[in-house]
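Numbering-wise (the UniProt record's numbering), the sequence shown opens with residue 1 and increments by one. Don't be surprised by glycine CBs; every beta carbon is placed ideally from N, CA and C. All remarks here apply to the structure that follows.
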Amino acid sequence: MRFEIMRLDDVDGTPVDTTVVDAASVKQIVQQAAAIGQRLWIRPADPTAS
1 MRFEIMRLDD
11 VDGTPVDTTV
21 VDAASVKQIV
31 QQAAAIGQRL
41 WIRPADPTAS
């Protein structure tokens, strides 16, 4: 399964960066974001997204 991860702006919460990753990569990205206090929005990716 693939997930879309959006990095959110610290001020207003709007998406500023988007990436699509496989399930195995999600944990690492979440841990990195938590370490620096970064806000993320994670959702299942559109099957046609790359």
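If the criterion is Cβ atoms closer than 7 Å, does the pair residue i and residue j meet it?
i: R2; j: V20; result: yes
i: L4; j: R39; result: Rather than Leu, the amino acid found at residue 4 in this sequence is Glu. Going by C-beta atoms, E4 is not nearer than 7 Å to R39.
i: M6; j: T18; result: yes
How far does the alpha helix (DSSP H) with residue i in it reach, from first residue to last?
i: V11; result: From DSSP, V11 is part of no alpha helix (DSSP H); its letter is neither H nor E.
For the beta strand (DSSP E) that residue i lies in, which residues bound it at each end?
i: P44; result: 39-44
Near residue i, what residues of its chain come up, given a Cβ to Cβ distance below 8 Å and the 5 sequence neighbours on each side ignored?
i: V30; result: L40, I42
Under 6 Å Cβ to Cβ from residue i, same chain only, skipping five residues before and after it: list those, please.
i: A23; result: M1
i: Q28; result: none
Beta-carbon within less than 7 Å of residue i's beta-carbon, same chain only, minus the 5 sequence neighbours each way: which residues are those?
i: A33; result: L40
Could you check whether the Cβ of residue i sits closer than 7 Å to any Cβ belonging to chain B?
i: E4; result: The structure shown contains no chain B, having only a single protein chain.
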